[in-house]
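Q:
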DNA sequence: GTGCTGACAAAAATCAAAATCTGTCATTTG
DNA sequence: CAAATGACAGATTTTGATTTTTGTCAGCAC
């Protein structure tokens with residue numbers, strides 16, 4: 001128990017386990033300390049408040065979502081295939097999480113809800129990845145966009161129903177896969193065609 | 001007070017007012033009855049449960065959103081202009097509601113949250129309107145889509161961040177207008193170009 | 001001295017008793 | 001007799017007293 005020294009990492013590992021078992025509402029700092037075999041005062045040496053501990057747990061959870069996506073963003077295959085795969089991987093990861101363990105997903109969702117700053121950073125990271133893919137697509141001559149950053153944000157926004165936890169209730173419904181495909185195909189179509197960002201050249205007449 | 005006879009309409013009008021003033025949590029059937037100057041038993045003559053009363057209020061609220069949109073859907077101008085205006089009207093209506101009276105908006109959101117069936121019907125109505133516009137666009141030769149229904153659903157989904165209450169917190173942020181324009185432009189672009197629905201003809205490659 | 005403890009005050013959560021509300025229905029009213 | 005009432009049982013919410021938790025910090029231990 002007291003063999004290893006008490007690090008932030010170790011606290012986070014344990015906190016995650018306790019959170020997983022008890023849910024967010026019933027987890028206290030004292031619980032986490034007890035699970036570690038230390039006094040709760042020690043935890044405040046590593047995290048100034050309980051909320052900051054929650055934020056850190058949320059950040060790790062979000063990182064586990066973002067990491068596999070980063071790989072896709074940094075490959076150098078055809079951008080359109082990577083974009084589709086990136087979006088599907090994101091949606092699929094989220095979907096699996098809810099369907100596998102709704103309880104735990106709800107815990108993390110609540111956690112993330114409160115950790116506004118952490119989520120903002122996460123979204124920035126994801127849109128940066130999208131920007132990279134779209135920029136690659138432009139370099140490859142597959143996409144034609146005025147602003148890759150704006151287009152990336154647009155892609156992220158347009159797919160919000162398939163990755164934002166607020167819509168998780170619908171992810172189990174029968175039609176979602178088809179809905180997802182429609183939206184992704186629209187996105188591909190838009191990026192491949194004229195400017196995906198408010199340039200002067202309006203599509204259609 | 002007791003001059004008019006007690007109709008469902010009159011109950012709904014009053015319920016809406018009480019809800020507006022007290023919020024959903026603090027509004028009881030007794031409150032509504034008191035505001036009407038009748039006994040609460042009378043209300044159960046028109047609505048079987050408190051929930052059904054809530055549903056009816058939610059339905060009226062949603063109808064007030066859908067009605068102006070129906071006008072746009074039934075015009076016969078150029079579809080792309082109507083689509084853009086339809087989407088902006090929807091987003092703008094929602095946005096005004098939150099910014100004007102967040103308290104009241106929250107009340108209605110909670111109401112709608114619970115009135116699942118009512119919301120489903122509302123969404124069906126809206127996507128039907130979109131289908132009509134897109135079908136018109138196809139007839140006008142402006143849009144090329146394999147399935148107007150699927151495309152309509154795609155358009156609705158892709159703009160979810162701008163009209164779904166779960167995202168209302170962001171509607172006050174500075175960048176949203178630009179974000180909205182990007183997404184709408186992408187949509188126009190996709191509809192104007194190749195099939196907006198999973199046909200065999202993939203965009204790109 | 002660095003890292004941890006545990007007692008403490010203030011804040012928040014819990015619990016059970018009391019009050020209120022929902023939904024029913026036999027009775028009253030017009 | 002159609003429409004409304006109000007007393008009632010069971011469910012839910014409120015209230016306020018009690019317990020638990022958070023976050024601090026003086027001091028202990030290594």
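Protein chains in written order, with the UniProt record's numbering: chain S, 1 to 205; chain C, 1 to 205.
Glycine included, each C-beta is placed from N, C-alpha and C at the ideal position.
Here the structure is a predicted model, which is why all the values come from computation and not from measurement.
Taking buried to mean at least 16 other C-beta atoms within 10 Å of its own C-beta, is residue 74/C buried or exposed?
A: With fewer than 16 Cβ atoms within 10 Å of its Cβ, residue 74/C is classed as exposed.
Q: At what residue ranges does the segment 109-170 of chain C contain a whole run of the alpha helix (DSSP H), taking only runs of 4 or more?
A: 116-139, 148-158, 160-163
Q: Where does residue 105/C fall in DSSP's three states?
A: helix
Q: I'd like to know whether the C-beta of residue 182/C is nearer than 7 Å to at least one C-beta of chain S.
A: Output row for residue 182/C: interface = yes.
Q: Anyone know if the C-beta pair for residue 142/C and residue 190/C falls short of 7 Å?
A: no
Q: Going straight from the alpha carbon of residue 18/S to that of residue 145/S, what length do you get?
A: 47 Å
Q: Do the CB positions of residue 118/C and residue 59/C come within less than 7 Å of each other?
A: yes
Q: In this structure, does DSSP put residue 187/C in helix, strand or coil?
A: helix
Q: Residues in the same chain with beta-carbon distance under 6 Å from residue 40/S, minus the five sequence neighbours each way, listed in chain order, please.
A: 29, 30, 33
Q: Anything in the segment 128-142 of chain C with a Cβ closer than 7 Å to a Cβ of chain S? List those residues in chain order, please.
A: 142
Q: For the alpha helix (DSSP H) containing residue 23/S, name the first residue and the last one.
A: Unbroken run through residue 23/S: none, as it is neither H nor E.
Q: So, is residue 122/S buried or exposed, given that buried needs 16 or more other C-beta atoms within 10 angstroms?
A: buried
Q: Can you say whether residue 139/S is buried or exposed, counting buried as having 16 or more other CB atoms within 10 angstroms of its CB?
A: exposed
Q: Could you spell out where the alpha helix (DSSP H) holding residue 84/S opens and where it closes?
A: 79-100
Q: Give me the Cα-Cα distance between residue 89/C and residue 162/C, rounded to the nearest whole angstrom.
A: For residue 89/C and residue 162/C, the distance between alpha carbons rounds to 11 Å.
Q: Measuring straight from C-alpha to C-alpha, what distance separates residue 96/C and residue 153/C?
A: 24 Å
Q: By a C-beta neighbour count over all protein chains shown, 10 Å radius and 16 as the cutoff for buried, is residue 137/C buried or exposed?
A: A buried status is given to residue 137/C, since no fewer than 16 other beta-carbon atoms sit within 10 Å of its beta-carbon.
Q: Within 10 Å of its beta-carbon, does residue 68/S have 16 or more other beta-carbons around it, so buried, or fewer, so exposed?
A: exposed
Q: Cβ atoms of residue 84/C and residue 133/C: under 7 Å apart, would you say?
A: no
Q: Considering only the alpha carbon of each residue, which of 20/S, 86/S, 177/S, 110/S lies closest to residue 131/S?
A: 86/S
Q: What separation, rounded to the nearest whole angstrom, lies between the Cα atoms of residue 165/S and residue 94/S?
A: Across the structure, residue 165/S and residue 94/S are spaced so that their CA atoms are roughly 8 Å apart.
Q: Is there at least one Cβ from chain S nearer than 7 Å to residue 172/C's Cβ?
A: It does not; no Cβ of chain S falls within 7 Å.
Q: Would residue 190/S pass as an interface residue toward chain C - the criterion being a Cβ-Cβ separation below 7 Å?
A: yes
Q: How about residue 148/C and residue 169/C: are their beta carbons less than 7 Å apart?
A: no
Q: Please identify the residue among 110/C, 98/C, 63/C, 72/C whose C-alpha is closest to the C-alpha of residue 129/C.
A: Checked all of 110/C, 98/C, 63/C, 72/C; the closest Cα to residue 129/C is 72/C.
Q: Mapping the DSSP letters down to three states, classify residue 46/S as helix, strand or coil.
A: coil
Q: Please classify residue 51/C as buried or exposed, where buried requires at least 16 neighbouring CB atoms within 10 angstroms.
A: By the neighbour-count rule (16 or more Cβ atoms within 10 Å), residue 51/C is not buried but exposed.
Q: Can you list the residues of chain S that residue 115/C reaches, using a CB-CB cut of under 7 Å?
A: Neighbours of residue 115/C on chain S: none; closest Cβ ~14 Å, over 7 Å.
Q: Please state whether DSSP places residue 75/S in a helix, a strand or coil.
A: coil
Q: Buried or exposed: which applies to residue 157/S, given that a residue is buried once 16 or more other Cβ atoms fall within 10 Å of its Cβ?
A: Of the other Cβ atoms in all chains shown, 16 or more fall within 10 Å of the Cβ of residue 157/S; this residue is therefore buried.
Q: Does any residue of chain S bring its CB to less than 7 Å from the CB of residue 145/C?
A: no
Q: Return the residue from the list 127/S, 109/S, 46/S that minimises the CA-CA distance to residue 12/S.
A: 46/S
Q: In the structure shown, what three-state DSSP assignment does residue 6/S receive?
A: coil
Q: Leaving out the 5 sequence neighbours to the left and right, which residues in its chain are closer than 8 Å to residue 188/C when beta-carbon positions are compared?
A: 80, 83, 84
Q: Since residue 32/S is in the alpha helix (DSSP H), which residue starts that stretch and which ends it?
A: From DSSP, the alpha helix (DSSP H) with residue 32/S extends over 29-36.
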